[in-house]
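*Asks:* The structure under discussion is supplied below as structure tokens; questions concerning it will follow.
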Amino acid sequence: MYFTDRGIEELERRRGDEEVTLAWLAEQLQAFVDAHPDFEVPVERLATWLARLDDPED
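Numbered per full-length UniProt numbering, the sequence shown spans residues 1 to 58.
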């Protein structure tokens with residue numbers, strides 16, 4: 001297990017039963033980047049990856 005997996009596991013444990021919209025997720029990611037600008041690049045990469053999951057060219 002990677003160190004970062006602990007946060008993913010905590011998210012699943014605490015909020016795994018909740019349903020959210022992608023608009024809500026985008027708002028939360030933007031708020032996180034606003035508060036932590038050093039993480040803009042990885043958050044943008046994650047958002048792009050999520051946006052293109054069903055794109056056959058990627």
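Even glycine gets a Cβ: it sits at the ideal position worked out from N, Cα and C.
Nothing here was measured: the structure is a model prediction, and the numbers come from that model.
Assess contact between the region 4-13 and the region 35-51, defined as three or more Cβ pairs (one per stretch) separated by less than 8 Å. Is contact present?
*Replies:* no
*Asks:* Got a sec, what are the start and stop residues for the alpha helix (DSSP H) P42 sits in?
*Replies:* E40 to A51
*Asks:* Closest to E44 by CA distance: which of E57, G7 and Q28 is it?
*Replies:* Q28
*Asks:* Going along the chain, which residues of its own chain have a beta-carbon closer than 8 Å to the beta-carbon of T21, five neighbours each way excluded?
*Replies:* none
*Asks:* Check whether chain B comes within 8 Å of A35, counting only Cβ atoms and requiring the distance to be less than that.
*Replies:* The chain labelled as chain B is not found in the depicted structure, where only one protein chain is given.
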